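In this note's numbering, the protein residues as written are 31 to 326.
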């Protein structure tokens, strides 16, 4: 069966079609199609606290297309969520109503806690070693979600208004950054070794740029080397020489900086990059809910 997930983020919106089937008694998730549109809602919201008419039109046009694709695909179910930018927008509820009316899609505005829980629904720690301690690090355009997994359970989770688009616009409060540092040090003290699990389009791209194939992780030093390399190029050079999309070429540097900050303050030497994100977590959650209903 196929499920569809829509992630309305601060930088881009995504539509994922994922097929779920059983292999040796376990659910296997296969990404069939991923469509990404760089609407960048955070560009409006983090400066003016509202979504402009122009951005709203682009968003709704894109979602009309997503709606038609979902119908054509004949999915088992879909779920659409909106995150940081829509949470902060003064007209967020109004935009959600327009999406329902004009595109026929039900969209939920989820808080940081629910966003972190959905990312964690990927259960990547089970594929690595559930007995080890891991910090999920999901870096988006408007926020960073951190989930600490230790002794086979979640022991701490928090969302911070620290994201790549916010940083580009110089809209990350110093107090927020300091709060994240304090939270990391307080919650990870005495936990060693602690590994990171990186989520989001930017860390996926950085991993691909690293050229690593034999392992699925990046060391702190390797990530720092890539960060320094990226900083050595101009924005235009990152597009032309590194083959980065225009809406990736600017946010990838603050993304790397956030990951380095988290790793340094949590004393993490390496971060695993399973190349999954919020939309994958949405699919996992939908499938698990579907199975739970079938058992009733």
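The beta carbon of each residue, even a glycine, is placed where N, CA and C say it ideally should be.
Everything numeric in this text was worked out from a predicted model, so none of it was measured.
Item, Value
"What's the C-alpha gap between residue 318 and residue 132?", "30 Å"
"Can you give me the start and stop residues for the alpha helix (DSSP H) that residue 119 sits inside?", "Taken as a continuous stretch (DSSP letters only), residue 119 belongs to no alpha helix (DSSP H), as it is neither H nor E."
"Please name the residue, chosen from 39, 102, 276, 254, that lies closest to residue 111 on a Cα-to-Cα basis.", "39"
"Please report how far the alpha carbon of residue 147 lies from the alpha carbon of residue 46, in whole angstroms.", "18 Å"
"Looking at the secondary structure, which residues open and close the beta strand (DSSP E) in which residue 112 lies?", "107-112"
"So, under 8 Å CB-CB, residue 197 and residue 284 are touching, yes? Tell me the CB distance rounded to an integer number of Å.", "4 Å"
"What would DSSP say about residue 247, mapped onto helix, strand or coil?", "strand"
"Check for me: the beta strand (DSSP E) holding residue 66 runs from which residue to which?", "56-67"
"Let me know the secondary structure DSSP gives residue 35 once reduced to three states.", "strand"
"What residue range is occupied by the uninterrupted alpha helix (DSSP H) comprising residue 277?", "276-279"
"Nearest-angstrom Cα distance between residue 210 and residue 150?", "19 Å"
"So, with DSSP's three-state summary, where would you put residue 42?", "coil"
"Look at the alpha carbon of residue 139 and the alpha carbon of residue 175, and state the distance between them as a whole number of angstroms.", "16 Å"
"Can you check DSSP and say which residues form a bridge with residue 176?", "167, 188"
"Got a sec, what are the start and stop residues for the beta strand (DSSP E) residue 81 sits in?", "Here residue 81 belongs to no beta strand (DSSP E), and DSSP marks it neither H nor E."
"Give the secondary structure of residue 224 by DSSP, where H, G and I count as helix, E and B as strand, and everything else as coil.", "strand"
"How many angstroms separate the CA atom of residue 286 from the CA atom of residue 75?", "23 Å"
"Hey, how far is the Cα of residue 313 from the Cα of residue 78?", "33 Å"
"What do you get for residue 292, buried or exposed, if any count of 16 or more other CB atoms within 10 angstroms of its CB means buried?", "buried"
"Just tell me which of 43, 269, 49 has its CA closest to the CA of residue 95.", "43"
"Kindly indicate the opening and closing residues of the beta strand (DSSP E) around residue 300.", "300-302"
"Starting from residue 283 and walking both ways along the alpha helix (DSSP H), at which residues does that stretch end?", "282-296"
"Residue 85 to residue 219, Cα distance in whole Å?", "43 Å"
"Is it the case that the Cβ atoms of residue 165 and residue 224 are separated by a distance below 8 Å?", "yes"
"I need the straight-line Cα distance from residue 63 to residue 269, nearest angstrom please.", "24 Å"
"Among 227, 127, 275, which residue has its Cα nearest to the Cα of residue 93?", "127"
"Using 8 Å for Cβ pairs, my map puts residue 10 next to residue 246. What's the rounded Cβ distance?", "Past the boundaries of the shown model lies residue 10; the chain is included only from 31 to 326, so the question cannot be answered."
"What is the rounded straight-line gap between the Cα of residue 325 and the Cα of residue 34?", "22 Å"
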